[in-house]
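Engineer:
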Amino acid sequence: MIDITYLNQIKQKFYFKFNFCFSFINYVIQVKLSHMIFYEKSNATTELPNLAKLSAKTKNMYVKLFTGNAITQAQSKNLADAICNDLGVPCCPVDFAGVQRHSKSNGRIRSKTLGDYHPTTTKIRLFQLTAAQKKTVANKTMLNTLLHELCHHFDYKLLSFYSSKHTKGFYMRIISLHKALLA
Ligand SMILES: [Zn+2]
């Protein structure tokens, strides 16, 4: 005689496992799809919005720093604040750090970090000394790094992306900001 209770238990176990697998696969597909959609969105956004709102004062500040000597932490912060205010984005802290973070292999520098951005604290760090010779980083490199890190900030606070990746569109957005500041 077949034990109905036992059969029902097996049926329930099977359904649970099947449902769990189905839900998990469905979840993986959803995550993959949202990543693909996000990546495409980031890639397709080649210009920052509101660039027409950049004031003459902000542009003058940028041109002065771009053609000037070593930029200070206060000047970096003032410029970042001015750009953020013009674009209607909350300002973020800008700190200068020491030597560029780097990795070596066979005594040679293989990679280095010019700056970084932390989405949780919204803090930007700029490394002002070169990895090899500990010399002050060139002004234009510092400004380029500042715009790069600011664009990470804008990905979250202006474009409302849930993540900020180095897509082709991301680099185009940096160029669009640089050109608008020099216009
Ligand atoms: Zn980056």
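Each step along the sequence shown adds one to the number in my numbering, with nothing skipped, and position 182 is 182. Heads up, the beta-carbon is just placed ideally off N, CA and C, and yes, glycines get one too.
Just how far apart, CA to CA, sit L177 and A97?
Structural biologist: Indexing the sequence shown from 1 puts residue 177 at position 177. Indexing the sequence shown from 1 puts residue 97 at position 97. L177 and A97: Cα-Cα distance of roughly 24 Å.
Engineer: How would you call T167, buried or exposed, if buried means at least 16 neighbouring beta carbons within 10 angstroms?
Structural biologist: Against the sequence shown, residue 167 aligns to sequence position 167. Result: buried.
Engineer: For F14 and R108, what's the separation of their Cα atoms in angstroms?
Structural biologist: Mapped onto the sequence shown, residue 14 falls at position 14. Mapped onto the sequence shown, residue 108 falls at position 108. If you take the alpha carbons of F14 and R108, they lie about 57 Å apart.
Engineer: Compute the Euclidean distance between the alpha carbons of I4 and N26, then round it to the nearest angstrom.
Structural biologist: The sequence position of residue 4 within the sequence shown is 4, counting from 1. The sequence position of residue 26 within the sequence shown is 26, counting from 1. Near 32 Å, if we compare the C-alpha coordinates of N26 and I4.
Engineer: Taking the CB atoms as reference points, tell me whether D180 and L54 lie closer together than 8 Å.
Structural biologist: Sequence index remark: in the sequence shown, residue 180 carries index 180 (1-based). Sequence index remark: in the sequence shown, residue 54 carries index 54 (1-based). Per the sequence shown, the amino acid found at residue 180 is Ala instead of Asp. Contact: yes.
Engineer: Among K134, V63 and V89, which one has its Cα closest to the Cα of T122?
Structural biologist: For the purposes of this step, residue 122 is taken as the residue at position 122 of the sequence shown. Among K134, V63 and V89, the Cα nearest to that of T122 belongs to V89.
Engineer: When every heavy atom of ligand 1 is checked, does at least one fall within less than 7 Å of the C-beta of H148?
Structural biologist: Position 148 of the sequence shown holds residue 148. H148: yes, Cβ under 7 Å from ligand 1.
Engineer: Which residues in the same chain have their Cβ closer than 6 Å to the Cβ of M172, if we skip the five residues on either side of it in sequence?
Structural biologist: Here residue 172 refers to the residue found at position 172 when the sequence shown is read from its first residue. These residues qualify, in order along the chain: T46.
Engineer: With a Cβ-Cβ cutoff of 8 Å, do V94 and A80 count as a contact?
Structural biologist: Along the sequence shown, one-based indexing puts residue 94 at 94. Along the sequence shown, one-based indexing puts residue 80 at 80. Contact flag set, yes.
Engineer: May I ask which residues mark the beginning and end of the alpha helix (DSSP H) holding Q73?
Structural biologist: Position 73 of the sequence shown holds residue 73. Q73 to L87 is the span of the alpha helix (DSSP H), which, as asked, contains Q73.
Engineer: Output the distance between the C-alpha atoms of I174 and L143, rounded to the nearest integer angstrom.
Structural biologist: Here the question's residue 174 lines up with position 174 in the sequence shown. Here the question's residue 143 lines up with position 143 in the sequence shown. Approximately 11 Å between the Cα atoms of the pair.
Engineer: For H35, does the count of other Cβ atoms within 10 angstroms reach 16, so buried, or fall short, so exposed?
Structural biologist: Residue 35 sits at position 35 when you count from the first residue of the sequence shown. By the neighbour-count rule (16 or more Cβ atoms within 10 Å), H35 is not buried but exposed.
Engineer: Under the rule that 16 or more other beta-carbon atoms within 10 Å means buried, what is L126, buried or exposed?
Structural biologist: For the purposes of this step, residue 126 is identified with residue 126 of the sequence shown, where counting begins at 1. Buried, because 16 or more other Cβ atoms sit within 10 Å of the Cβ of L126.
Engineer: Which whole-angstrom value is the C-beta distance of L114 and Q133, which I expect to be below 8 Å?
Structural biologist: Position 114 of the sequence shown, counted from the start, is the residue given in the question as residue 114. Position 133 of the sequence shown, counted from the start, is the residue given in the question as residue 133. Wrong, their Cβ atoms sit about 15 Å apart, outside the cutoff.
Engineer: Are N139 and A52 close, meaning C-beta to C-beta below 8 Å?
Structural biologist: Stepping through the sequence shown from its first residue, residue 139 is reached at position 139. Stepping through the sequence shown from its first residue, residue 52 is reached at position 52. No, the Cβ-Cβ distance between N139 and A52 is not below 8 Å.
Engineer: Any heavy atom of ligand 2 inside 7 Å of the beta-carbon of H166?
Structural biologist: Ligand 2 is not part of the structure shown, which contains ligand 1 as its ligands.
Engineer: With DSSP as the reference, label Q12 as helix, strand or coil.
Structural biologist: Mapped onto the sequence shown, residue 12 falls at position 12. Three-state result, Q12: helix.
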